[in-house]
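Novice: Protein sequence lines, in the order shown, are assigned to chains A and B.
This note's numbering applies: residue 1 is where the first sequence begins, and numbers increase by one.
This note's numbering applies: residue 1001 is where the second sequence begins, and numbers increase by one.
Number of protein chains: 2
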Amino acid sequence: MAIRVGLVGTGTVGGGCIDIILKHADDFKRHYGIDIELARVCSLDSREAEAHGVGHLFTDNFRDIIDDPAIDLVIELIGGTTFARTVVIDALNAGKNVVTANKALMATYGQEVMETAERNGREIAFEASVGGGIPIIGPLKHSLIANEITSVMGIVNGTTNYMLTRMDEDGMDYDAVLAEAQAKGFAEANPSADVDGYDAAAKIAILASIAFNSRVTIDDVYTRGITNITPIDLEAARDMGYVVKLLAIAHRTDRGIDVRVHPTMIPAEHQMAKVNGVFNAIYVTGDFVGETMFFGEGAGAGAAASAVMGDVLEVARHMQQGIAPIVGCTCTDELPILPIEELSMKYYIRFSVADRPGVLAAMAGVFAKRGVSVHSVVQRGQKSGGTVEIVYVTHTAEERAIREVIEEIRSLDDVLHGDPSLIRVEE
Amino acid sequence: MAIRVGLVGTGTVGGGCIDIILKHADDFKRHYGIDIELARVCSLDSREAEAHGVGHLFTDNFRDIIDDPAIDLVIELIGGTTFARTVVIDALNAGKNVVTANKALMATYGQEVMETAERNGREIAFEASVGGGIPIIGPLKHSLIANEITSVMGIVNGTTNYMLTRMDEDGMDYDAVLAEAQAKGFAEANPSADVDGYDAAAKIAILASIAFNSRVTIDDVYTRGITNITPIDLEAARDMGYVVKLLAIAHRTDRGIDVRVHPTMIPAEHQMAKVNGVFNAIYVTGDFVGETMFFGEGAGAGAAASAVMGDVLEVARHMQQGIAPIVGCTCTDELPILPIEELSMKYYIRFSVADRPGVLAAMAGVFAKRGVSVHSVVQRGQKSGGTVEIVYVTHTAEERAIREVIEEIRSLDDVLHGDPSLIRVEE
């Protein structure tokens, strides 16, 4: 029995999926007895389907896939949470299994999608939604389940990791490196989802939900991007033995789930510090397995298509063997999400301030007043246009107090030029 | 329906499995609906079972487990290929599913074990046989199957990686670092399986079989250990921008499978070069996924027990849902194994030779005669007792020619003191 697949979305990843099926369908039969047939492809424009040699399967109406009783499995690769949500929900309700790479959908409407799948006795698989081609959802749902997972930390956005790597290695400033990333196709024309951290936030919400058996949505994730980071920060970090990464962090604590995305200093000798360029890595700690890391290409046609098609083959394998979904929703606990204000850690804060007498004393007074103990304060870089860069590193302090410090320094007679650069330290 | 588990072997890993069940059995029920009951434990001595709080389940006769119709699943953790083979085969023939961490068994009698499982309609799972707690067999059998895997390379022996790391970082010589590893419990009293590469050979045989869909046994693996490596070699490697690792390598080539274990120079910037101490890492390259790496603790009670219990829970999940084995043997091709003599690569060779006039000229003559082009030759380290260390690095050469060179230099009027140190270069 061939499993008939309908593909919705023929962009980069969809094209990769078509290529895999055309190249390896015979291998799948021979090695695994899995018989996959690409039955229909849908997008707004037929040219991509034609370019991949499947123009004859093209439709521009996704209902031709949802309403076709001969189609067993739908791959959703259009992204976003509006149209894609309709495709996924309607496909499940039409009795089809669904594979998606849609992180925003799963991090926002994951519960609705999972419940719809369960109600219909169908599978929803989404390995490609996190970490491109890196197997991480599979290991978390299978190989690692004997553990209580205590933390998941990831470099899960290749665009920002590429940008930070370039800034660090070549001293380029933010605007130049963004322009370069856009020219190379690593960053979108509107880069907000990447540089503001929302892409990473969706991914850590998905990982935290699975790892901690408790629903985390994108709105639960405290999220800050890299737009205030400059080469000065990366150089200062290096001098202190750290590397700056846009880290997606989820810790299980006694009081609930600590989940956030922000620029983070990690020790230079940590395995994650060595993950550079567009590569992704996810670091998982469990009470028995200890520390593990999953590394690979986080984006690109081939890598993401590998993950999508891995899911397709697994679901097809189950269908051919007449197996009902093996693992459904595992969010059996309801752990609270910790407000970031209540967390305590070390902070790196760089202020651009007017080079005027008394400014340093006034700032020191604010730290003292709020009870934030300062580990070091140094002036870095060249004075420029009457502005100097003052870098503070604190001892462990409460986030709430740090915010009060920043707020009060902002109000100090117009000493602050622009937003401070705030980098949290993860030991 | 509780799945009743019989555990054979209560050493380090077995103890870890008991600890996981005692700590997490309720979590497994709540999160996954998997009901695990430890029904019986077997070893030669009851003290370990008692130390882990399950003395009441002890037997010293494994037949009490195999012959007990109420036991559904057997965990084999005694190791080796004699008694363990009987336990595994008999358990499968008695209609039980089996989980094992036994790399030697799977790399030697894998086909017999797989066929016995298939004949009985039972599962055999062995994630813990490679890479300790690192999920690697699961990803290769599931998430990555949309790829043609082109290579698998691993640092899969923590003992030798610890020893090489110590030699590199602290300049300790082989004997001192082996003694230290033994004192710390990282190396056995008889260290041969680790330092001579056999442990790594079994692991790469297992990984290559799965990755290439073609049976590879331990006897197919060309295997050399680290006993001739000295700090001089590690220092020379560093000066050239390389790091020395005991690498287990499997490449798919047009002519067949290239599979081997030996000390290997890899570029210092490669992700694997940064895997130090007792950690393991497996680097997998596929035609669509590109490069991925799986990193973690390769040994220790908790890590290996995490992998064993991950398998146990997966098999239990299948049993409770009435599912037959999902993935059996996938060795559907019969690819030839390439003899190492036919491979070509770059070589690092260090000879300890008598400090006599004409020796260098004679050696140079041998390289020239055999058509091996030399990239560099330098004398390293201090002259000691009339012996000097001469380090050659070749351009790409055929293994067969390199062996002839070494053989002939050995015969040069007694110039050679001891075995040369031969390190292959993997770019």
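Just so you know, even glycine gets a beta-carbon here, dropped at the ideal spot from N, CA and C.
Within 10 angstroms of its Cβ, does Gln-1321 (chain B) collect 16 or more other Cβ (buried), or is it exposed?
Specialist: Working through the second sequence from its first residue, we reach residue 1321 (chain B) at position 321. The residue is exposed, with fewer than 16 neighbouring Cβ atoms inside 10 Å.
Novice: Which residue or residues does DSSP assign as beta-bridge partners of Gly-1222 (chain B)?
Specialist: In the second sequence, residue 1222 (chain B) corresponds to position 222, counting from 1. It is Tyr, not Gly, that sits at residue 1222 (chain B) in the sequence shown. DSSP output for Tyr-1222 (chain B) lists B:Arg-1260 as bridge partner(s).
Novice: Could you pull out every unbroken alpha helix (DSSP H) segment of at least 4 residues lying fully inside the segment 178-212 of chain A, listed in chain order?
Specialist: Qualifying alpha helix (DSSP H) stretches, in chain order: 192-195, 198-212.
Novice: Could you tell me the distance, in whole angstroms, from the CA atom of Ile-409 (chain A) to the CA atom of Ala-364 (chain A)?
Specialist: Position 409 of the first sequence, counted from the start, is the residue given in the question as residue 409 (chain A). Position 364 of the first sequence, counted from the start, is the residue given in the question as residue 364 (chain A). Distance between the alpha carbons of Ile-409 (chain A) and Ala-364 (chain A) is about 10 Å.
Novice: Starting from the C-beta of Arg-380 (chain A), find all residues in its chain whose C-beta is less than 7 Å away, skip the five residues before and the five after it, and write them out in chain order.
Specialist: Against the first sequence, residue 380 (chain A) aligns to sequence position 380. Cβ neighbours of Arg-380 (chain A) beyond the five flanking positions: Ile-232, Ala-236, Glu-389, Val-391.
Novice: Taking a contact to mean a Cβ-Cβ separation below 8 Å, would you say Val-1244 (chain B) touches Met-1272 (chain B) in this structure?
Specialist: Locating residue 1244 (chain B) in the second sequence gives position 244, counting from the first residue. Locating residue 1272 (chain B) in the second sequence gives position 272, counting from the first residue. No, Cβ-Cβ distance for Val-1244 (chain B) and Met-1272 (chain B) is not below 8 Å.
Novice: How many angstroms separate the CA atom of Thr-285 (chain A) from the CA atom of Phe-1279 (chain B)?
Specialist: Taking the first sequence and counting its residues from 1, one reaches residue 285 (chain A) at position 285. Taking the second sequence and counting its residues from 1, one reaches residue 1279 (chain B) at position 279. Distance between the alpha carbons of Thr-285 (chain A) and Phe-1279 (chain B) is about 14 Å.
Novice: Could you please give the first and the last residue of the uninterrupted alpha helix (DSSP H) stretch that includes Met-1106 (chain B)?
Specialist: Start at 1 with the first residue of the second sequence, and residue 1106 (chain B) comes out as number 106. Note, Met-1106 (chain B): alpha helix (DSSP H), 1103-1120.
Novice: Spatial neighbours of Lys-203 (chain A) within its chain, please: C-beta separation below 8 Å, excluding the five flanking residues on both sides.
Specialist: If you number the first sequence from 1, residue 203 (chain A) lands on position 203. The residues are Lys-103, Ala-107, Ser-129, Val-130, Gly-131, Gly-154, Val-156, Asn-157, Ala-248.
Novice: Taking DSSP as the reference, what is the three-state secondary structure of Pro-267 (chain A)?
Specialist: The sequence position of residue 267 (chain A) within the first sequence is 267, counting from 1. In the structure shown, Pro-267 (chain A) sits in a strand (DSSP, three-state: E or B).
Novice: Using a Cβ cut-off of 8 Å (strictly closer), state whether His-251 (chain A) contacts chain B.
Specialist: Sequence index remark: in the first sequence, residue 251 (chain A) carries index 251 (1-based). Closer than 8 Å: no.
Novice: Taking C-beta pairs closer than 9 Å, name the residues in chain B that Leu-313 (chain A) reaches, listed in chain order.
Specialist: Here residue 313 (chain A) refers to the residue found at position 313 when the first sequence is read from its first residue. Result: His-1142, Ile-1145, Ala-1146.
Novice: Can you look up Ala-1301 (chain B) in the DSSP assignment and give me helix, strand or coil?
Specialist: Your numbering for residue 1301 (chain B) matches position 301 in the second sequence. Three-state result, Ala-1301 (chain B): helix.
Novice: Answer with buried or exposed for Arg-1063 (chain B), where buried requires no fewer than 16 other C-beta atoms within 10 angstroms of its C-beta.
Specialist: Walking along the second sequence from the start, residue 1063 (chain B) turns up at place 63. Result: exposed.
Novice: Consider the C-beta atom of Ile-423 (chain A) and the heavy atoms of the ligand FMN; say whether any pair is separated by less than 7 Å.
Specialist: Among the ligands in the structure shown, none appear at all, so the ligand FMN cannot be discussed.
Novice: Can you give, in chain order, each stretch of the beta strand (DSSP E) that sits fully within the segment 54-98 of chain A and has at least 3 residues?
Specialist: The segment 54-98 of chain A contains these whole beta strand (DSSP E) runs: 73-76.
Novice: Identify, in the order they occur along the chain, each residue of the same chain with its Cβ nearer than 6 Å to the Cβ of Gly-433 (chain A), setting aside the five sequence neighbours on each side.
Specialist: No answer is possible for residue 433 (chain A): it lies beyond the span of chain A, which begins at 1 and ends at 427.
Novice: Please say whether Pro-1139 (chain B) and Gly-138 (chain A) have beta carbons closer to each other than 8 Å?
Specialist: Locating residue 138 (chain A) in the first sequence gives position 138, where the first residue counts as 1. Locating residue 1139 (chain B) in the second sequence gives position 139, where the first residue counts as 1. Yes, Cβ-Cβ distance for Gly-138 (chain A) and Pro-1139 (chain B) is below 8 Å.
Novice: Does any CB atom of chain A fall closer than 8 Å to the CB of Phe-1288 (chain B)?
Specialist: Within the second sequence, numbered from 1, the residue matching residue 1288 (chain B) stands at position 288. At least one chain A Cβ lies under 8 Å of Phe-1288 (chain B).
Novice: Quick one: which residues of the segment 1027-1061 of chain B get their C-beta closer than 8 Å to a C-beta of chain A? List them in chain order.
Specialist: Those residues of the segment 1027-1061 of chain B that come within reach of chain A (Cβ to Cβ, closer than 8 Å) are Asp-1027, Phe-1028, Arg-1030, His-1031, Tyr-1032.
Novice: Is the beta carbon of Ser-143 (chain A) closer than 8 Å to that of Gly-1310 (chain B)?
Specialist: Stepping through the second sequence from its first residue, residue 1310 (chain B) is reached at position 310. Stepping through the first sequence from its first residue, residue 143 (chain A) is reached at position 143. Going by C-beta atoms, Gly-1310 (chain B) is nearer than 8 Å to Ser-143 (chain A).
Novice: Measure the Cβ-Cβ separation of Gly-428 (chain A) and Met-114 (chain A) and say whether it is below 8 Å.
Specialist: Here chain A has residues from 1 to 427 only, and residue 428 (chain A) is not among them.
Novice: Return the bridge partner residues of Ala-1125 (chain B) from the DSSP annotation.
Specialist: The residue given as residue 1125 (chain B) occupies position 125 in the second sequence. Answer is B:Val-1099.
Novice: Should Lys-383 (chain A) go down as buried or exposed, given a rule of 16 or more other Cβ atoms within 10 Å for buried?
Specialist: Residue numbering aside, residue 383 (chain A) sits at position 383 when the first sequence is read from its first letter. That one is exposed.
Novice: Report buried or exposed for Glu-341 (chain A), applying the criterion of at least 16 other Cβ atoms within 10 angstroms of its Cβ.
Specialist: Numbered from 1 along the first sequence, position 341 holds the residue referred to as residue 341 (chain A). Burial call: exposed.
Novice: Among all the DSSP beta bridges, which residues are the ones paired with Gly-1171 (chain B)?
Specialist: For the purposes of this step, residue 1171 (chain B) is identified with residue 171 of the second sequence, where counting begins at 1. Bridge partners of Gly-1171 (chain B): none, in fact.
Novice: Quick check: the Cα distance between Thr-428 (chain A) and Val-152 (chain A), rounded to an integer number of angstroms?
Specialist: The question about residue 428 (chain A) has no answer here: the residues shown for chain A are numbered 1 through 427.
Novice: What's the gap between the Cα of His-1056 (chain B) and the Cα of Val-1087 (chain B)?
Specialist: Mapped onto the second sequence, residue 1056 (chain B) falls at position 56. Mapped onto the second sequence, residue 1087 (chain B) falls at position 87. For His-1056 (chain B) and Val-1087 (chain B), the distance between alpha carbons rounds to 22 Å.
Novice: Rounding to the nearest angstrom, what Cα-Cα distance links Arg-30 (chain A) and Leu-178 (chain A) in this structure?
Specialist: Along the first sequence, one-based indexing puts residue 30 (chain A) at 30. Along the first sequence, one-based indexing puts residue 178 (chain A) at 178. If you take the alpha carbons of Arg-30 (chain A) and Leu-178 (chain A), they lie about 46 Å apart.
Novice: Is the shortest distance between the beta-carbon of Lys-96 (chain A) and the beta-carbons of chain B less than 8 Å?
Specialist: The residue labelled residue 96 (chain A) in the question sits at position 96 within the first sequence. No - not a single Cβ of chain B is within 8 Å of the one on Lys-96 (chain A).
Novice: Going along the chain, which residues of its own chain have a beta-carbon closer than 6 Å to the beta-carbon of Leu-1092 (chain B), five neighbours each way excluded?
Specialist: Counting from 1 along the second sequence, the entry for residue 1092 (chain B) is found at position 92. Hits under 6 Å: Val-1098, Thr-1116, Ala-1117, Asn-1120, Arg-1122.
Novice: In chain B, which residues lie less than 7 Å from Pro-139 (chain A) when you measure between Cβ atoms?
Specialist: Locating residue 139 (chain A) in the first sequence gives position 139, where the first residue counts as 1. Residues of chain B passing the Cβ test: Pro-1135, Gly-1138, Pro-1139.
Novice: Closest to Phe-212 (chain A) by C-alpha separation, out of A:Ile-149, A:Asp-196, A:Arg-224, would be which residue?
Specialist: Along the first sequence, one-based indexing puts residue 212 (chain A) at 212. When each option's Cα is compared against that of Phe-212 (chain A), the closest is A:Ile-149.
Novice: Do you know how far the Cα of Ile-337 (chain A) is from the Cα of His-251 (chain A)?
Specialist: Start at 1 with the first residue of the first sequence, and residue 251 (chain A) comes out as number 251. Start at 1 with the first residue of the first sequence, and residue 337 (chain A) comes out as number 337. Between His-251 (chain A) and Ile-337 (chain A), the C-alpha separation is close to 10 Å.
Novice: Which residue from A:Ala-200, A:Asp-35, A:Ser-421, A:Met-1 puts its Cα closest to that of Thr-217 (chain A)?
Specialist: One-based indexing of the first sequence puts residue 217 (chain A) at position 217. Ranking the options by Cα distance to Thr-217 (chain A), first place goes to A:Ala-200.
Novice: Closer than 8 Å, CB to CB, is Arg-1004 (chain B) near chain A or not?
Specialist: As a position in the second sequence, residue 1004 (chain B) is number 4, starting the count at 1. So no, Arg-1004 (chain B) is outside the interface.
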